[in-house]
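Encoded as structure tokens, the structure appears first; notes follow it.
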Amino acid sequence: MILLLSLVIVLQAVLFRTSFEYSNFTIANVVFSPEHAKTQEVQSITSKGRRNLLVLTLLTLGLFMVFQFALTLNKAIGLTITLLGLYPIVAIILLERSRGKLIKLKEVNHWVYDDTKRSVSLKVSAEKGRSAPAILWHLPITLLAVLPLVYLFIRGKFNMEAHFSFLFLPFISLLIFIAYPTSIKTKSMATSPKEEVDLAYHRNMERINGWTYLGTHFIMILFPFLFVLASSQYLPQGFNYLVIAGQLLSLILLFLWRQTQQRNLIHPILEETQWYPNESRHFNRWGFYNNPDDPRLMVPKQNPGLGTTINLGKKAGKILAASSLFIPLIIIPFVLYISMKGFTITPGTRDLKIDAPMYGQTLEYENIEAVSLSDEDLMAD
Amino acid sequence: MRIQIDLTSDTPIYQQIRDEIVLGLGRGELSEGDVLPSVRQLALDLGINHMTVNKAYQQLKAEQFIVIDRRKGATIAVKPQNSKKMSAKHKDKLTMVLAEGLSQVPDPKNYRQNVLDLLDAMIKERSSK
């Protein structure tokens, strides 16, 4: 009971708190322009209001607990219900106090808005109205993730050791499904002083993120599914290599698509704002920045909300870029070469010498209790 | 392109939205294939009823300035005139506007020059886009 009542209070607190947020050009039903809403005075009033609301909520919840443990049942219920009724009244008084301060602030600063003339950018409005793919689009993919397991169970071929990784597929898919709404929210910085342009930018980013997540989800589930089929007799042997190659290629293509979309995103924003200097001519079509006259080593990307990039026009920039290629060009081929090497086991008179890629050990016979092979192919041989 | 509406104007709001979009087309700020905001989003941004925006869009659709698709929304799709001659409907409208103007000025020649200047400025602005 006490938990249920606490939940009611918390829900009310969340609702009251949203009144202090800047939404649809209003704070606590007082109209503010985006520029004025960001001022220190307004922020100070709203943060004080939020703090007072938090104190009230904590106090109410604390008193609930005290009543529950320190009073008789009848008294506790009576006082709890009284508090429950008092909470919204006090919260409204707090909200009204903040509202009064905000109205006074507007009067003092002569922040008067002409509400009879309204103007909107068609492009920005169109962007704001377009949404990311709905979460339900992930549902068929999540169902597809379960299919390999269902198939293996039905055919009676499920082997815990061999197919353990397929247990993760539905789990990962479900995680992506749950995390989707929060994951697609962009964390990139605002690019414009205009609130509406930022909104359009973020909606656009959300849409690109949404499609990328959906694509990644699909690739991460479809290819393991194909892998199961390739491991069975339904598809020719060697098909699993094609599956792995296909998965990598799809991910690369998806990544390139995302890059292109993000790069294209700057154009509608450039039209609406003169926020950052026009450095576009120094960016080539691959998004690399090359400007020897720019003293900076790291410069904002062409789409400035997406972080920084290296200036290849500087010597240090070239070295930095070359060193970042070290991992894909040197380490990965090296690891592949090592992993392709076979292993040797040399039985000695007193010990067993194992020489495998990136692994070497000498074991004395008296320390070996049992030897078994886990690979099915080796066991068959 | 920005559109502006005046809530105190005698012209109905849906007509203002329609006129602003047609003006944008005339100036070359809007072109074939441009996507217009959804009815709800534009209504929300302008702080007006969505039925008003819907009415403006329906009028633009009837006048063949836009097409409305259930999935894509409203898109600019001006139906080109086949003939080099002005359509009779458009001619009637223009005649009415010019007649209104002419009736209010003492010097018709000066008015002619003003109309031509305005037309030239619009064509110049359009070709610069």
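Just so you know, the sequences run in chain order A and B.
Note that our numbering has the first sequence beginning at 171, numbered continuously upward.
Note that our numbering has the second sequence beginning at -1, numbered continuously upward.
Cβ atoms here follow ideal geometry from the backbone N, Cα and C, with glycine treated the same way.
Does the beta-carbon distance from residue i to residue j come in below 8 Å?
{"i": "V33 of chain B", "j": "A198 of chain A", "result": "no"}
{"i": "P340 of chain A", "j": "A315 of chain A", "result": "yes"}
{"i": "I354 of chain A", "j": "L272 of chain A", "result": "no"}
{"i": "P104 of chain B", "j": "G299 of chain A", "result": "no"}
{"i": "H333 of chain A", "j": "L322 of chain A", "result": "yes"}
{"i": "P106 of chain B", "j": "L100 of chain B", "result": "yes"}
{"i": "G219 of chain A", "j": "L264 of chain A", "result": "yes"}
{"i": "Q210 of chain A", "j": "P258 of chain A", "result": "no"}
{"i": "L467 of chain A", "j": "N481 of chain A", "result": "yes"}
{"i": "L249 of chain A", "j": "T230 of chain A", "result": "no"}
{"i": "F388 of chain A", "j": "A400 of chain A", "result": "no"}
{"i": "V37 of chain B", "j": "V51 of chain B", "result": "yes"}
{"i": "N454 of chain A", "j": "N460 of chain A", "result": "yes"}
{"i": "I342 of chain A", "j": "M375 of chain A", "result": "no"}
{"i": "I501 of chain A", "j": "Q432 of chain A", "result": "no"}
{"i": "F202 of chain A", "j": "F195 of chain A", "result": "yes"}
{"i": "S291 of chain A", "j": "R69 of chain B", "result": "no"}
{"i": "G487 of chain A", "j": "L424 of chain A", "result": "no"}
{"i": "W281 of chain A", "j": "H372 of chain A", "result": "no"}
{"i": "I422 of chain A", "j": "Y383 of chain A", "result": "no"}
Under 8 Å Cβ-Cβ, which residues of chain A neighbour residue i?
{"i": "M(-1) of chain B", "result": "S291, L292 and K293"}
{"i": "L5 of chain B", "result": "D285, T286, K287 and R288"}
Who are residue i's beta bridge partners in DSSP?
{"i": "G530 of chain A", "result": "A:D525"}
{"i": "N537 of chain A", "result": "Bridge partners of N537 of chain A: none, in fact."}
{"i": "A75 of chain B", "result": "DSSP output for A75 of chain B lists no bridge partner at all."}
{"i": "D4 of chain B", "result": "A:K287"}
{"i": "P517 of chain A", "result": "A:L522"}
{"i": "D32 of chain B", "result": "D32 of chain B is not bridged to any residue."}
{"i": "S193 of chain A", "result": "A:T196"}
{"i": "D67 of chain B", "result": "B:G71"}
{"i": "V201 of chain A", "result": "A:T196"}
Between the options, which has its C-alpha nearest residue i's C-alpha?
{"i": "S176 of chain A", "options": "A:S542, A:Q210, A:T227 and A:F388", "result": "A:T227"}
{"i": "K76 of chain B", "options": "B:L114, B:S126, B:I1 and B:L28", "result": "Checking the displayed sequence, the identity of residue 76 of chain B turns out to be Val instead of Lys. The option with the nearest alpha carbon to V76 of chain B is B:L28."}
{"i": "K327 of chain A", "options": "A:L264, A:G385 and A:V398", "result": "A:V398"}
{"i": "K293 of chain A", "options": "B:Q39, B:T9, B:L21 and B:R16", "result": "B:Q39"}
{"i": "G45 of chain B", "options": "A:T286, A:D525 and A:E205", "result": "A:T286"}
{"i": "Y55 of chain B", "options": "B:N112, B:E18 and B:Y109", "result": "B:E18"}
{"i": "I11 of chain B", "options": "B:M84, B:Q57 and B:E98", "result": "B:Q57"}
{"i": "T188 of chain A", "options": "A:P204, A:M235, A:L223 and A:I497", "result": "A:L223"}
{"i": "F234 of chain A", "options": "A:E376, A:P498 and A:V180", "result": "A:V180"}
{"i": "Q62 of chain B", "options": "B:K127, B:N52 and B:I74", "result": "B:I74"}
{"i": "E536 of chain A", "options": "A:K511, A:D521 and A:G487", "result": "A:D521"}
{"i": "K511 of chain A", "options": "A:G255, A:P503 and A:A526", "result": "A:A526"}
{"i": "T120 of chain B", "options": "B:R25, B:L5, B:M(-1) and B:A86", "result": "At residue 120 of chain B the sequence reads Met, which differs from the Thr that was named. The shortest C-alpha separation from M120 of chain B is found at B:R25."}
{"i": "K484 of chain A", "options": "A:P465, A:V260, A:G416 and A:R428", "result": "A:P465"}
{"i": "T519 of chain A", "options": "A:V236, A:E534, A:G457 and A:V200", "result": "A:E534"}
{"i": "W381 of chain A", "options": "A:L243, A:L173, A:G270 and A:Q429", "result": "A:Q429"}
{"i": "L319 of chain A", "options": "A:E191, A:P394, A:E376 and A:S268", "result": "A:P394"}
{"i": "F336 of chain A", "options": "A:H280, A:I497 and A:T312", "result": "A:T312"}
{"i": "T514 of chain A", "options": "A:Y507, A:L506, A:Q238 and A:Q531", "result": "A:Q531"}
{"i": "L629 of chain A", "options": "A:Y411, A:L384, A:Y383 and A:G385", "result": "This structure cannot speak to residue 629 of chain A, because chain A is shown only from 171 to 551."}
{"i": "V49 of chain B", "options": "B:Q13, B:N112 and B:Q111", "result": "The identity of residue 49 of chain B in the sequence shown is Met, whereas the question assumes Val. Here the closest residue by C-alpha is B:Q13."}
Using a C-beta to C-beta distance shorter than 9 Å, which residues of chain A count as neighbours of residue i?
{"i": "G31 of chain B", "result": "What G31 of chain B touches in chain A: nothing, since even the nearest Cβ is about 12 Å away."}
{"i": "Q2 of chain B", "result": "K287, R288, S289 and V290"}
Mind listing the chain B neighbours of residue i? Cutoff is C-beta to C-beta under 8 Å, in chain order.
{"i": "K298 of chain A", "result": "P35, Q39 and D43"}
Residues of chain B with CB closer than 7 Å to the CB of residue i, please, in chain order.
{"i": "T479 of chain A", "result": "By Cβ distance, chain B contributes nothing, its closest Cβ being about 30 Å from T479 of chain A, past 7 Å."}
So which residues of chain A does residue i contact, with C-beta pairs closer than 7 Å?
{"i": "T73 of chain B", "result": "Within chain A, no residue comes near T73 of chain B; the closest Cβ sits about 10 Å away, beyond 7 Å."}
Any heavy atom of the ligand FAD closer than 7 Å to the beta-carbon of residue i?
{"i": "T196 of chain A", "result": "Here there are no bound small molecules, and the ligand FAD is not part of this structure."}
Which ranges would you report for the alpha helix (DSSP H) in the region 305 to 354 of chain A if only whole runs of at least 4 residues count?
309 to 325 and 334 to 353
As an exercise, report each continuous beta strand (DSSP E) stretch of at least 3 residues that is fully enclosed by the region 451 to 506 of chain A, in chain order.
468 to 470 and 478 to 480
I'd like the ranges of any beta strand (DSSP E) spanning at least 3 consecutive residues and lying wholly in the region 204 to 237 of chain A.
none
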